[in-house]
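Trainee: Structure in structure tokens, see below.
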Amino acid sequence: MLEFGKVVKYFDNGFGFIKCIGSDSYLCNKEVFFHIKAVKKFESDLVGFTNGSNKELYFWFTCKDGKKGKEVVKFWSDAKSIPQEHTLLILEKYADNLISTDKAPIKEIPTSFTPMVGFNRIIQRTSAKPIHSTKKVTIDAKSLAYKHSLTSVQSEELSRLLIDMSEKNFRLSSELSKYITSNKLGNKYPNIAGIVTMSNDEKEWDFDGGFPSAIYRVICEELELTDKGTSARVIRFTSYQDQKNEPDIIF
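Position one of the sequence shown corresponds to residue 5 (my numbering), numbered consecutively onward.
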């Protein structure tokens, strides 16, 4: 996901660290490693940082998991040059925050969203349609994989499910599960849906059309679903795909 930070260290041998300053980011106040080969375009600015001619350097950046933790993939100093695939995630997240406080459709996102020069132009180019229709378009597999640490197979199926279900207006997670089983959609989402074994300390039972805990949390977050608030917990999950792969036992 796109982050924003301040360069705090840069060394002559070509590597440094940028500290994320986004208060709502899981990387907030953490230093992320970068190497000059990934940010070659800004080498002169970084050299100026080390000799004191540039006292402060701020960049938008993306990162990935490297050998020693998170590492920068790319820097941007001008928000206008950031690829749309990264900026849409920010707009979507911002819109979700607005929806949580006001369920009415949002027709306009204020240009005061960020003080960064040029970013208001990105916001102005977004559609004035109700935010739910925008969300349906921008839920893509790559964004979900990065945002929630999912495999490519999981993110592709989850993206398909969210797109398919976003207009159903379900309120409870059980409504979604019932829809999947009653319409026999197991083949459409075989790796993220399946049989969930539940327990409430007194008994265990199988629930058809359920999801593993990590996927369940994402679905509830993205579709704004709630559960029935029971004390039951998931103790086992078998995907529809794994059920297909189980060998038949002949007695």
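C-beta: ideal position from N, C-alpha, C; glycine also. Please read these numbers as outputs of a predicted model, since none were measured by experiment.
1) Taking all protein chains shown into account, do 16 or more other C-beta atoms lie within 10 angstroms of the C-beta of Ser-48, making it buried, or fewer, making it exposed?
2) Taking the beta strand (DSSP E) that Met-202 belongs to, which residues open and close that run?
3) Would you kindly report the start and end of the unbroken beta strand (DSSP E) that includes Ser-243?
4) Select from Pro-216, Thr-201, Glu-161 the residue whose C-alpha is nearest the C-alpha of Leu-189.
5) For the 8 Å Cβ check, are there 3 or more pairs between the region 185-200 and the region 208-222?
6) Curious, which full-length alpha helix (DSSP H) runs of at least 4 residues does the region 31-100 contain?
7) Pick out whichever of Tyr-14, Leu-92, Leu-6, Lys-45 has its Cα sitting closest to the Cα of Tyr-30.
8) Which of the three DSSP states, helix, strand or coil, is assigned to Ser-25?
9) So is Leu-180 buried or exposed if we call it buried at 16+ other beta carbons inside 10 Å?
Mentor: In short:
1) exposed
2) 198-203
3) 237-243
4) Glu-161
5) yes
6) 47-55
7) Leu-6
8) Ser is not the amino acid found at residue 25; the sequence shown has Ile there. Correct three-state label for Ile-25: coil.
9) buried
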